[in-house]
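Enquirer: Everything in the sequence shown is counted per the working numbering, starting at 49 for the first residue and increasing by one. Structure incoming, see below.
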Amino acid sequence: MTKPEFEYTTVTNLEDSQRFGSIIEQCFLSSPGEGETWVKQMGIDNLRVIRQQKQIVGGLVTIPMSQWWGGESVAMTGIAGVGIAPEYRGTGAALSLMQHTIKEIYTKGAAISVLYPATQRLYRKLGYEQGGSFYGWEIPAQSIQIREKPLLVKSVPIDSEIFYELYTKQAININGYLNRAQPIWHRIMKPDKKDVFYAYLIGSVEEPQGYIIFSQYSEDNSTILRVIDWVVLTNAAAQTFWSFLSNHRAQIDKVRWRGSVTDHLTLLLPEQTAKVKFTQCWMLRVINVEKALSTRGYLSGIKAELHLEITDDLIAENNGKFILSVAKGRGSVTKGGTGELKLDIGGLAPLYTRLFTAQQLQLAGKLDGTDAALSTATEIFAGSSPWMADFF
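What follows is the structure, encoded as structure tokens:
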């Protein structure tokens, strides 16, 4: 007997939203009602579901936003909450759901897409590959030992507008940082009633140089200060950041924050007492090859030309030979060329983000090219290791 086909649709009524919310709760071990609340926070307009014989069997949320690459904001759609009802797992529902979503966000103009995978195997089938890191750090408060506080620290409302501007000044210089959509900001500025967030501006109100937003709680007989969000724009702000946290040592045992794999903030610490608590890679897919390569930024001193040959099983327009020309920090893409660097759409992702060099990706079997093409690719996509501070 032929299995009924899946139908991909948006959601227009509360009943469908509640059905998907209940699926999410079971998939992610949430409390009753949390799934529906999360869907509302993300926006019902962003919800996509997969149906079989008109019954919702799973869904996800798309988050239109952008991401910083080489100092330029690249149109990106985040994918979150991919969930399939237990009785429909293994039927191909998740694969069909994601295939339809990728095609939709291509038509809507996204250059790239990012998600946090529960399993890499599914998303690799769809052209996603590791794109950057998400690191959690921890340090004993007593070991910070930074006393000098060059700048003022002032308590401010959690929903202060100044956070947007300060965040953007930091984000533009970090490869992989989100140009945050409102649902991402909402989780920072409007926490659940059970959570209490504290917000402080670093520097004067007239000339702010950063901020810190944090919560405090107990865990396993330890008191924890968890940094929810932070920005430091100057060395004085970085010293003040650590001094402010150090001053909590009488009440706080451990400080936790999200940073990069090689976090520059730890360079200020007198000893190597900060340790990685968790690590995860997020995955990226290039949705539109020409748009992704031409809208990101590049190092201003590089002038080079890279001949690519790309295969994409899902989006026909991404197939073929492309020439990427880079000069004065910008890239342009034309069809054609010699195709000296051969790769599929998944292999393009970690090259695009500079999570790995072209030589490393060839060793991993993600691409193949001449020595000259490998060197040019590594030069063009040079930059700091990509990461982000947000989980979605």
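Glycine residues also receive a C-beta, built at the ideal position from the N, C-alpha and C atoms. From a predicted model like this one, the values you see are computed outputs, not experimental measurements.
Any chance the region 331-348 sits against the region 363-383, with 3 or more Cβ pairs inside 8 Å?
Expert: Taking a cut-off of 8 Å on C-beta distances, the region 331-348 touches the region 363-383, as three or more cross pairs fall below it.
Enquirer: Just to confirm the assignment, what range does the beta strand (DSSP E) spanning residue 182 have?
Expert: 177-188
Enquirer: Determine the direct distance from the alpha carbon of residue 390 to that of residue 329, and round the result to whole angstroms.
Expert: 24 Å
Enquirer: Could you have a look at residue 95 and say whether DSSP puts it in helix, strand or coil?
Expert: strand
Enquirer: Which of helix, strand or coil does DSSP assign to residue 376?
Expert: coil
Enquirer: Give me the Cα-Cα distance between residue 427 and residue 347, rounded to the nearest whole angstrom.
Expert: 9 Å
Enquirer: Examine the Cβ distances between the region 83-103 and the region 63-75 and report whether three or more of them are shorter than 8 Å.
Expert: At 8 Å Cβ cutoff, the stretches touch.
Enquirer: Give a yes or no on whether the C-beta atoms belonging to residue 434 and residue 401 are separated by under 8 Å.
Expert: yes
Enquirer: Would DSSP call residue 346 helix, strand or coil?
Expert: coil
Enquirer: How is the beta strand (DSSP E) around residue 173 delimited, first residue to last?
Expert: Careful: residue 173 lies outside any beta strand (DSSP E), inside the alpha helix (DSSP H) at 168-173.
Enquirer: Terminal residues of the continuous alpha helix (DSSP H) containing residue 303?
Expert: Element bounds for residue 303: not the alpha helix (DSSP H) but the beta strand (DSSP E), 302-307.
Enquirer: Assuming the contact rule is C-beta atoms closer than 8 Å, residue 177 and residue 398 should be a hit. Round their C-beta distance to whole Å, please.
Expert: Going by Cβ atoms, the distance from residue 177 to residue 398 rounds to 6 Å, so yes, they are a contact pair.
Enquirer: Out of 94, 68 and 151, point me to the one whose CA is closest to residue 38's CA.
Expert: A question about residue 38 goes unanswered here, because the residues of the chain that appear run from 49 up to 440.
Enquirer: Please report the distance separating the alpha-carbon of residue 192 from that of residue 307.
Expert: 16 Å
Enquirer: Going by C-alpha distance, which of 135, 394, 98 and 420 is nearest residue 168?
Expert: 394
Enquirer: Please name the residue or residues paired with residue 256 in a DSSP beta bridge.
Expert: 251
Enquirer: Quick one, are the C-beta atoms of residue 284 and residue 264 less than 8 Å apart?
Expert: no
Enquirer: Alpha carbon to alpha carbon, what distance is there between residue 161 and residue 106?
Expert: 20 Å
Enquirer: Are there 16 or more other CB atoms within 10 angstroms of the CB of residue 163, so buried, or fewer, so exposed?
Expert: buried
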